[in-house]
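Working notes for the structure below.
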Amino acid sequence: MMITTKLSIHDKLPLTCSRKGTCCHGNRVMLNPWELVSLATEKKITPREFRDLYCEFGGIRLRFDGTDRWREKPACSQYIPDFGCSVHLGRPLACRLFPLGRQIQSEEVHYMYQGDQFPCLDGCPEVSGLPQLKVGEYLKGQRTEQFEKAQDEYLVIMQNLADIAFELLLDTGLAESGDTETLQLWRIMGNELPEKLADRIGHEWMDSLMIPEITDDTEDPVLFARNHTDLLQLKVQAEFGSLQTNHEFHKASVLMMGIALHLARGLGANPEILVEHWIETAKKNGAME
Ligand code: SF4
Ligand code: SF4
């Protein structure tokens, strides 16, 4: 089992980066919609162009298909050999935090790293000779604040989307009708590959989720996420406002849950664990499997 070393913001670590770029190889960098805008702005292209050129699974993950290799691991699509990150000012939270991770438990934010050895020491052992920094100082230097806000706003949107899936199951008479297929499909989606789930969601909803048509307030993650929430609610209303049959409610509930799970993966959550939690909640409220 992977050991997690939890940190306080006062812990001092060899957090001065030697800029060798080893962590820009063979890594997984997940994205939320605001981070896609941030990357596209830095690249001077549209979010759609950035998504189509450099991302996987509808935009929730950066491609690591660069030509450069380190220990046989391919570089990030944004990595330029002998230069470094081509989108440094717009880089996502995962890159700003590395080698740290961020978790929210009981509404409290925790920072940590995986393993019992500080991760940079493997690829960049020279960091042990560089100045140590407190975790809080490191986060400030990496300007994580806006990116952490975006992450938190999108966690709320994820829960809102799941709540719509719950309402379509529990408040429409679908669960009371004895339906068992909806929860079965929720579980299948929580366990399926991201490319499969992206296919299931389809282009139109995927675009609404990952590249919403928002041109104002794009620098402010909180306003951006609120505008995004409004757009998603309008689409839900337009598409689900006049549903009538149990089959229609079932399909809509499955779609909303699929979108919530896909966004969850982009936020670094584990869809397998999350879907079990949501299934249990639905069962406690009368749904059956
Ligand atoms: S592994 Fe650590 S020290 Fe090396 S480039 Fe990445 S963040 Fe910097
Ligand atoms: S976005 Fe930049 S910092 Fe992040 S992995 Fe890619 S090249 Fe490295």
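Residue 273 in this note's numbering is what sits at position 234 of the sequence shown, and the numbering runs on without skipping anything. Even glycine gets a Cβ: it sits at the ideal position worked out from N, Cα and C. Note that the coordinates shown come from a computational prediction; the quantities given were computed from them, not determined experimentally.
With respect to residue 56, residue 166 sits close: the two C-beta atoms are nearer than 9 Å. Residue 52 sits in a strand when the DSSP states are folded into three classes. The alpha-carbon separation between residue 207 and residue 192 amounts to approximately 23 Å. Rounded to whole angstroms, the gap between the alpha carbons of residue 160 and residue 52 is 11 Å.
Classified as buried, residue 126 has 16 or more neighbouring CB atoms from the shown chains inside 10 Å of its CB.
Taking a 10 Å sphere around the C-beta of residue 284, we find fewer than 16 other C-beta atoms and assign the residue as exposed.
Here the alpha carbons of residue 91 and residue 216 stand approximately 42 Å from one another. Distance from the CA atom of residue 181 to the CA atom of residue 135, rounded to whole angstroms, is 6 Å. Its Cα nearest to that of residue 151, the residue 48 stands out among 86, 211, 229 and 48.
Counting the other Cβ atoms within 10 Å of the Cβ of residue 324 gives fewer than 16, which makes it exposed.
Note that the C-beta distance between residue 251 and residue 271 is below 9 Å. Not a single heavy atom of ligand 1 lies less than 8 Å from the C-beta of residue 135.
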